[in-house]
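Student:
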Amino acid sequence: MATPLPDGLVDYLIARDAQRADAVTQFLGALTDREHALIREAAVMGYVQGRRHPVGEEHPKDSAVLRLVVDAALAVPDLYPAVAAVSEQTTVTTLEFFLQTQDPDDGTWGESSSYETDPEWIVERLKRRRAQHPQREHRIAWRTTTVTTGPIPRIVPAT
Numbered sequence: 032m033a034t035p036l037p038d039g040l041v042d043y044l045i046a047r048d049a050q051r052a053d054a055v056t057q058f059l060g061a062l063t064d065r066e067h068a069l070i071r072e073a074a075v076m077g078y079v080q081g082r083r084h085p086v087g088e089e090h091p092k093d094s095a096v097l098r099l100v101v102d103a104a105l106a107v108p109d110l111y112p113a114v115a116a117v118s119e120q121t122t123v124t125t126l127e128f129f130l131q132t133q134d135p136d137d138g139t140w141g142e143s144s145s146y147e148t149d150p151e152w153i154v155e156r157l158k159r160r161r162a163q164h165p166q167r168e169h170r171i172a173w174r175t176t177t178v179t180t181g182p183i184p185r186i187v188p189a190t
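This note's numbering puts the first residue of the sequence shown at 32, with every later residue one more than the last.
Okay, structure coming up:
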């Protein structure tokens, strides 16, 4: 006969289950529709592949599981449209430069120019800015912008 768990431990386990459920809800809620669809499809196919794994056989390494799951999802594109759509997307990353000027009062750096992809042009702009405002500190900063475009897969609502 099993010994019942102490009430305090039961309460703790129930609270932890609720915390984990909330964490999952917050995580999924923070995803874009595309990210949610990709994770959902990969998780479903991972579960399917796991159910098909022969009992008693050694489980493959993570990288092998990843390849197995993606291969299986790509084989059935109508069931896994978000995974299938990845092959049709394009991604462009742009490196942009801009000027920053330091606030003499608090030392923070703020943007003080538009964005430019030509590094030689921004160097010339920095020289002009320093000549126009020699009492202030100026520097070149950079950012990257990544844009991914592609077809919108049939997004399955969260269940």
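Glycine included, each C-beta is placed from N, C-alpha and C at the ideal position.
Computed from a predicted model, the values in this text were never measured in an experiment.
#1: Rounded to the nearest angstrom, how far is the Cβ of Val96 from that of Ala104, given a contact under 8 Å?
#2: Relative to the C-alpha of Asp134, which candidate in His164, Leu62 and Thr175 has its C-alpha closest?
#3: Whose C-beta lies closer than 6 Å to the C-beta of Thr124 among residues of the same chain, with five residues either side of it excluded?
#4: Pull up the DSSP beta-bridge partners for Trp173, would you.
#5: In chain order, what residues of the same chain have a beta carbon less than 8 Å from the beta carbon of Arg47, not counting five sequence neighbours either side?
#6: If you follow the beta strand (DSSP E) that Glu72 is in, where does it begin and where does it stop?
#7: Using the beta-carbon count (16 or more within 10 Å), is Arg51 buried or exposed?
#8: What does Thr179 pair with, by DSSP beta-bridge criteria?
#9: Reducing DSSP to helix, strand and coil, say where Gly39 ends up.
#10: Which residue or residues does DSSP assign as beta-bridge partners of Gly141?
#11: Are the Cβ atoms of Ser143 and Gln131 separated by less than 9 Å?
#12: I believe Tyr43 touches Met76 by the beta-carbon criterion, under 8 Å. Please report the beta-carbon distance rounded to the nearest angstrom.
Tutor: On the basis of the data shown:
#1: Rounded to whole angstroms, the Cβ separation of Val96 and Ala104 is 12 Å, and the two are not in contact under 8 Å.
#2: That would be His164, whose Cα lies nearest to the Cα of Asp134.
#3: Thr175 and Thr177, listed in sequence order.
#4: Answer is Phe128, bridged to Trp173.
#5: Nothing meets the Cβ criterion.
#6: Segment Asp64 to Arg83 is the alpha helix (DSSP H) holding Glu72; no beta strand (DSSP E) there.
#7: Burial call: exposed.
#8: Thr122, per the DSSP bridge assignment.
#9: Secondary structure of Gly39 (DSSP, three-state): helix.
#10: Paired residues: Thr132.
#11: For Ser143 and Gln131, yes; Cβs fall inside 9 Å.
#12: Taking the Cβ atoms as the reference, Tyr43 lies roughly 35 Å from Met76, outside the contact range of under 8 Å.
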